[in-house]
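If you count the sequence shown from 1, you need to add 23 to reach this note's numbering.
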Amino acid sequence: KRIAVLASGRGSNFQAVIDGIASGYIPAVCVGLITDNPGAYAIERAKRAGIPVTVVDFRSFAGKQAYEDALLAAMQESGANLFVLAGYMRILGAGIVHAFSGRMMNIHPALLPAFSGLHAQRQAVEYGVKVSGCTVHLVDEGMDSGPIVLQRCVPVLEGDDEHTLAERILGEEHRALPEAVRLFCEDRLLVDGRRVRIR
Ligand code: GRF
24 KRIAVLASGR
34 GSNFQAVIDG
44 IASGYIPAVC
54 VGLITDNPGA
64 YAIERAKRAG
74 IPVTVVDFRS
84 FAGKQAYEDA
94 LLAAMQESGA
104 NLFVLAGYMR
114 ILGAGIVHAF
124 SGRMMNIHPA
134 LLPAFSGLHA
144 QRQAVEYGVK
154 VSGCTVHLVD
164 EGMDSGPIVL
174 QRCVPVLEGD
184 DEHTLAERIL
194 GEEHRALPEA
204 VRLFCEDRLL
214 VDGRRVRIR
């Protein structure tokens, strides 16, 4: 399988995918990093791994539609079968979601459907939940709302703030995302409406 990763920032989840491919855990090649942010540290990670980088800089476009048209073109040109959103911080328009339906997954730092959207870890601390975690899900038109592929949980400890919780969750993200990508690449995900079965 050919996978492309979309990331906006640090790229530690992207790195986990790179490492999973390098070790043979994920049977795929990474054909590209696509980023909306020319300053993303993920770009350095791609360069180090010899992965082609496409920057579709949101700020260089007149509006959201022009940006999305360019992003769609970049995604099509990558030739990827699977698009992994790893800290990609924008909501994708319906055109892109439909073009790659069932072939796009996202990692979110909470146990969905709780705490979707931004600052999920802060939301969890403020709500006072005792467990949180991460979710890998397929992307649909909503925000963090597509069918769930897998989840991993962590305790929320007394004295946690959003940063300590985020760090604990991130450790699980780095396990969950390569696992989900591997399952996709092995054709082991069966999508049945909202439910994803693993065979
Ligand atoms: C992760 O917590 C991810 O779940 C969220 O943004 C963060 C990205 O981190 N969507 P990184 O760029 O992968 O290090």
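Even for Gly, the Cβ is constructed at its ideal location relative to N, Cα and C.
Just so it is clear, the structure is predicted and the values come from calculations on it, not from any experiment.
Look at Phe37: its beta carbon is less than 7 Å from one of the heavy atoms in the ligand GRF. Remark: C-beta atoms of Ala143 and Pro132 approach each other more closely than 8 Å. In terms of Cα proximity to Ala96, the closest of Thr77, Gly86, Leu108 and Val148 is Thr77. In the assembly as shown, Leu206 is a buried residue. Its beta-carbon has 16 or more other beta-carbons within 10 Å. In the structure shown, Asp42 adopts helical secondary structure according to DSSP, grouped into three states. Nearest C-alpha to Cys53 among Ser46, Gly34, Ala85 and Pro75: Pro75. Using a 10 angstroms sphere on the CB of Gln88, the tally of other CB atoms stays under 16, which defines it as exposed.
Distance from Leu105 to Ile26 at the Cβ level is roughly 4 Å; contact confirmed, criterion being Cβ atoms closer than 8 Å. Here Pro61 is exposed, its C-beta having fewer than 16 other C-beta atoms within 10 Å. With a cutoff of 7 Å, Leu193 counts as near the ligand GRF, since its C-beta is closer than that to a heavy atom of the ligand.
Runs of the beta strand (DSSP E) lying entirely within the segment 57 to 130 and spanning at least 3 residues, in chain order: 76 to 78 and 105 to 108. In this structure, Ala69 has its beta carbon at no less than 7 Å from each heavy atom of the ligand GRF. Val219 is bridged by DSSP to Val214. Minimum Cα-Cα distance from Ala117 among the listed residues Asp92, Gly140 and Ile130 corresponds to Asp92. If you check the CB distance, Ala122 and Gly34 do not come in under 8 Å. Distance from the CA of Lys153 to the CA of Pro201, rounded to the nearest whole angstrom, comes to 26 Å. Under a 10 Å Cβ-count criterion, Gln38 is classified as buried, with 16 or more other Cβ atoms of the shown protein chains found around its own Cβ. With a beta-carbon spacing of about 19 Å, Leu173 and Ala189 fall beyond the 8 Å limit used to define contacts. Between the alpha carbons of His197 and Asn36 lies a gap of roughly 6 Å.
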